[in-house]
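Comments concern the structure below.
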Amino acid sequence: MDMQARIRQHFIASIETKQQATEVLTPAIERAGVRMVDTLLAGGKILACGNGGSADDRKNRTASKRCG
248 MDMQARIRQH
258 FIASIETKQQ
268 ATEVLTPAIE
278 RAGVRMVDTL
288 LAGGKILACG
298 NGGSADDRKN
308 RTASKRCG
């Protein structure tokens with residue numbers, strides 16, 4: 248298999264994985280979003296955590312929600 252074919256195959260595999268995840272994860276993401284909104288509207292808190300790069304992402308996302 249030449250390099251371009253291999254690269255294309257990686258993209259195709261990634262797309263297929265995302266399509267499968269869409270079916271499985273969409274309802275759970277919707278439920279989580281509704282629950283977060285309900286929690287905030289009721290005066291509650293949402294705690295976010297992570298490690299490594301995820302921790303930096305968390306800091307940026309939560310800070311932007313407080314400031315924007």
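Letter by letter, the sequence shown follows residues 248 to 315 of our numbering. Note that beta-carbon positions come from the ideal geometry of N, C-alpha and C, so glycine has one too.
Can you give the Cα-Cα distance for residue i and residue j, rounded to whole angstroms?
| i | j | result |
| --- | --- | --- |
| Asp249 | Gln256 | 11 Å |
| Arg278 | Glu270 | 14 Å |
| Ser261 | Gly300 | 21 Å |
| Glu263 | Thr273 | 15 Å |
| Asp290 | Cys296 | The sequence given here has Gly at residue 290, not Asp. Their Cα atoms are separated by approximately 20 Å. |
| Gln267 | Arg253 | 21 Å |
Keeping to the same chain, check which residues put their C-beta closer than 8 Å to that of residue i; ignore five residues upstream and five downstream.
| i | result |
| --- | --- |
| Leu287 | Ile293 |
| Met283 | Ile293 |
Excluding the 5 residues preceding and the 5 following residue i in the sequence, name in chain order all residues of the same chain whose CB lies nearer than 7 Å to its CB.
| i | result |
| --- | --- |
| Gly315 | Interpretation of Gly315 is limited by its pLDDT of 48, a score under 50 that renders its predicted location unreliable; the figure taken from the coordinates is listed afterwards. So no residue of the chain qualifies. |
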